[in-house]
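Read the structure below first, then the notes.
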Amino acid sequence: MKLKVGLLGGGSWGTTVASLTAKNAETIIWARDAETVDEINQKHTNEKYLPNAKLTPSLVASNSIEETVKNADVIVLGIPSQSMRKVLEEAKPHIRPWVPIINLAKGLEISTKKRMTQIIEEIMPGHPAGVLTGPNLAKEIHFGNAAAAVIAMVDKTIAEKLQSIFSSGLFRVYTNSDVIGCELGGALKNIIAIASGMGDGANAGDNTRAAIITRGLAELTRLGVAMGGKKATFSGLAGMGDLVATCSSSKSRNHHVGFQLGRGKSLEHIINEMNEVAEGVKTAKVVIELAKEYNVDMPISKEIYKVLYEGNSVNDAFKGLLKHEVGSEKEPG
């Protein structure tokens with residue numbers, strides 16, 4: 000039996016995933032903007048988020064959350080993390096019992112410090128919750144470049160069943176049972192990507208970027224393990240893979256924010272110019288609180304937080320990191 004997919008969210012990654020699943024299953028995508036819905040249905044494009052890209056012709060768009068989810072066998076959430084709760088609560092009355100819900104957003108809720116699957120479990124108890132994550136730059140995947148992702152769910156059987164819905168052509172999907180680690184890897188790496196972008200924007204060089212990526216990986220692994228993730232997850236696609244992609248690519252929203260900060264632009268100016276959400280900007284607030292709560296040293300995240308919210312300059316950040324006490328590479332620090 001072919002499963003039906005209902006995807007909420009018409010941004011670049013949500014649209015890309017919907018176009019992928021439409022090749023394997025009947026898919027409806029919900030978008031807030033009526034013009035986007037008409038464009039997807041009539042022209043099979045979403046120029047605002049995926050310029051020059053043709054979507055799978057069978058993909059159907061809708062302005063109605065009810066229409067999108069009521070017959071779905073799988074719900075996919077392509078909603079920014081700070082809006083996730085509100086949209087899911089709106090969809091809740093129309094979702095059939097026990098339908099799996101897969102999250103695409105890579106962030107943490109500011110008010111509760113919760114991961115997205117925790118929010119799903121809170122609002123939709125009894126529904127298997129999972130996350131699709133990894134080094135997935137939407138535009139590259141849409142244009143057919145080879146890529147790999149991870150679908151993380153506690154129930155391996157459900158994860159394996161859903162694997163075939165998301166896999167398409169050169170887009171390979173692996174399974175993982177470490178939902179906590181996979182979700183945290185995706186959320187925490189965004190802050191390191193801002194740091195890497197700042198270095199690139201300030202012309203700090205390749206050595207600096209390599210140092211930020213490797214020390215950033217150590218930093219997010221420390222917090223991820225403290226919060227219940229498995230160490231091995233952070234050296235895989237959801238950790239190291241995603242980190243390298245977002246820290247090295249100009250297509251990464253978080254790298255873009257950092258790059259522009261490195262060039263001297265204000266955060267407000269950068270955000271106003273973007274038509275998509277850079278999750279790391281808001282996640283930085285949560286991560287600093289979590290670092291204190293779990294007593295984990297996160298020097299890179301602290302310096303990025305100071306640049307984003309305390310008025311520090313990019314030079315201040317690098318000076319702060321240089322002052323940080325250096326220990327053994329194999330030890331915390």
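Going by numbering that gives the first Met the number 0, 228 is the number at position 229 of the sequence shown; the sequence numbering is gapless.
Ideal Cβ placement from N, Cα and C applies to all residues, glycine included.
Assigned secondary structure, residue i (DSSP; H/G/I helix, E/B strand, else coil)
i: residue 16; result: helix
i: residue 153; result: coil
i: residue 61; result: strand
i: residue 304; result: helix
i: residue 132; result: strand
i: residue 332; result: Here residue 332 scores only 46 on pLDDT, less than 50, and its place in the model should not be relied on; the value that follows carries that caveat. The answer is coil: DSSP assigns residue 332 none of H, G, I, E or B.
i: residue 214; result: helix
i: residue 138; result: helix
i: residue 282; result: helix
i: residue 88; result: helix
i: residue 295; result: coil
i: residue 70; result: coil
i: residue 237; result: helix
i: residue 100; result: strand
i: residue 45; result: strand
i: residue 109; result: coil
i: residue 276; result: coil
i: residue 209; result: helix
Pair within 9 angstroms by beta-carbon distance, residue i and residue j
i: residue 280; j: residue 256; result: yes
i: residue 196; j: residue 136; result: no
i: residue 20; j: residue 7; result: no
i: residue 227; j: residue 157; result: no
i: residue 278; j: residue 134; result: no
i: residue 87; j: residue 122; result: yes
i: residue 28; j: residue 13; result: yes
i: residue 303; j: residue 290; result: no
i: residue 70; j: residue 3; result: yes
i: residue 192; j: residue 271; result: no
i: residue 145; j: residue 236; result: no
i: residue 90; j: residue 65; result: yes
i: residue 223; j: residue 190; result: no
Residue i versus residue j - alpha carbon distance
i: residue 10; j: residue 296; result: 34 angstroms
i: residue 205; j: residue 248; result: 13 angstroms
i: residue 61; j: residue 40; result: 9 angstroms
i: residue 98; j: residue 166; result: 20 angstroms
i: residue 131; j: residue 208; result: 26 angstroms
i: residue 49; j: residue 55; result: 13 angstroms
i: residue 263; j: residue 239; result: 28 angstroms
i: residue 266; j: residue 185; result: 22 angstroms
i: residue 160; j: residue 313; result: 46 angstroms
i: residue 218; j: residue 298; result: 8 angstroms
i: residue 301; j: residue 293; result: 14 angstroms
i: residue 181; j: residue 199; result: 27 angstroms
i: residue 32; j: residue 81; result: 18 angstroms
i: residue 202; j: residue 319; result: 18 angstroms
i: residue 211; j: residue 308; result: 20 angstroms
i: residue 38; j: residue 175; result: 36 angstroms
i: residue 154; j: residue 129; result: 9 angstroms
Whole-number beta carbon distance between residue j and residue i, since they are thought to touch under 8 angstroms
i: residue 177; j: residue 232; result: 5 angstroms
i: residue 150; j: residue 170; result: That belief does not hold up - the Cβ atoms of residue 150 and residue 170 are roughly 12 angstroms apart, past 8 angstroms.
i: residue 118; j: residue 95; result: About 19 angstroms separates the two Cβ atoms, so there is no contact after all.
i: residue 24; j: residue 53; result: In fact, because the Cβ distance is near 19 angstroms, the residues do not count as touching under 8 angstroms.
i: residue 250; j: residue 138; result: 6 angstroms
query: Hey, is the stretch 282-289 in contact with the stretch 105-113, meaning 3+ C-beta pairs nearer than 8 angstroms?
result: Contact holds: three or more Cβ-Cβ distances are below 8 angstroms.
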